[in-house]
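S.K.:
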Amino acid sequence: MAKQEYVSRNLEWLEAKSREPGVKPLDKGIFYKVLRSGDSKGALPGRGSVVTVHYVGKTINGRAFDSSRGATPPAFRLRELIPGWIIALQQMHVGDRWEVYIPASQAYGKSAQPGIPGGSTLIFDIELLAVN
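Under UniProt numbering, the residues of the sequence shown are numbered 1 to 132, in order.
(1) For E15, report the span of its alpha helix (DSSP H) as first-last.
(2) Roughly how many angstroms separate the alpha carbons of K3 and K41, rounded to a whole number?
(3) Taking L122 as part of the beta strand (DSSP E), name the residues at either end of that continuous run.
(4) Considering only residues of the UniProt domain "PPIase FKBP-type" (48-132), which uninterrupted alpha helix (DSSP H) runs meet the minimum length of 4 residues and lie entirely inside it, listed in chain order?
(5) Could you name the residues that DSSP lists as bridge partners for K24?
(6) Assuming the contact rule is C-beta atoms closer than 8 Å, G38 and V100 should be a hit. Round their C-beta distance to whole Å, please.
(7) Can you tell which of T121, M1, A71 and A43 has its C-alpha closest to the C-alpha of G57?
(8) By the 10 Å Cβ neighbour count, where 16 or more other Cβ atoms means buried, how is M92 classified, buried or exposed?
(9) Once you ignore the five residues that flank N132 on each side, which residues in its own chain have a CB closer than 7 Å to its CB?
(10) Out of curiosity, what's the CA-to-CA distance linking E5 and Y108?
(11) Alpha carbons only, please: which of T72, P45 and A104 is nearest the one belonging to F124?
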């Protein structure tokens with residue numbers, strides 16, 4: 001498949017996903033669906049927070065490129081992650097589990113990463129376990 005066709009297919013997939021029941025918008029073309037709600041009165045992470053999460057990352061064809069499931073959940077400084085994660089996680093409370101749909105412009109853009117072609121829309125199942 002040609003690069004431009006791949007990019008177009010990813011954008012079309014995201015547009016279709018955005019119209020599904022239960023899918024809600026965030027900033028910059030990011031969408032999410034709540035899989036489980038945590039404590040709505042709990043703290044929200046800020047850009048400088050360290051977040052502990054479990055996650056699975058997939059491309060739109062369903063192929064997983066990364067996962068923390070089955071291992072110790074990693075901790076990340078939020079500001080060091082891709083923009084899509086920064087935007088989504090700042091809206092999540094501890095215990096929330098969301099499926100997040102991130103356009104390439106808020107992920108790796110045109111750059112390919114291991115297991116991720118350039119221009120990919122990314123799908124993440126993210127569970128926020130702790131904020132420090």
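Just so you know, even glycine gets a beta-carbon here, dropped at the ideal spot from N, CA and C.
M.R.: Concretely, from the data shown:
(1) By one-based count along the sequence shown, residue 15 stands at place 15. Counting along the chain, the alpha helix (DSSP H) containing E15 begins and ends at K3 to S18.
(2) To locate residue 3, count along the sequence shown from 1; it is residue 3. To locate residue 41, count along the sequence shown from 1; it is residue 41. Spanning the two alpha carbons is a distance of roughly 44 Å.
(3) Along the sequence shown, read from residue 1 onward, the residue named residue 122 stands at position 122. Element bounds for L122: L122 to V131.
(4) For the UniProt domain "PPIase FKBP-type" (48-132), the full-length alpha helix (DSSP H) segments reaching 4 residues or more read 83-89 along the chain.
(5) Here the question's residue 24 lines up with position 24 in the sequence shown. DSSP lists Y32 as partners of K24.
(6) Residue mapping note: residue 38 aligns to position 38 of the sequence shown, counting from 1. Residue mapping note: residue 100 aligns to position 100 of the sequence shown, counting from 1. Incorrect: roughly 15 Å between the Cβ atoms, too far for contact.
(7) Numbered from 1 along the sequence shown, position 57 holds the residue referred to as residue 57. The option with the nearest alpha carbon to G57 is T121.
(8) Along the sequence shown, read from residue 1 onward, the residue named residue 92 stands at position 92. Burial of M92 is indicated by the presence of at least 16 other C-beta atoms within 10 angstroms of its C-beta.
(9) Residue numbering aside, residue 132 sits at position 132 when the sequence shown is read from its first letter. Leaving aside the five residues that flank N132 on each side, the residues in its chain whose CB is nearer than 7 Å to its CB run, in chain order, S49 and V50.
(10) Within the sequence shown, the letter at position 5 stands for residue 5. Within the sequence shown, the letter at position 108 stands for residue 108. Looking at the two C-alpha atoms, the distance is approximately 17 Å.
(11) Walking along the sequence shown from the start, residue 124 turns up at place 124. When the alpha-carbon of F124 is set against those of T72, P45 and A104, the nearest one is in A104.
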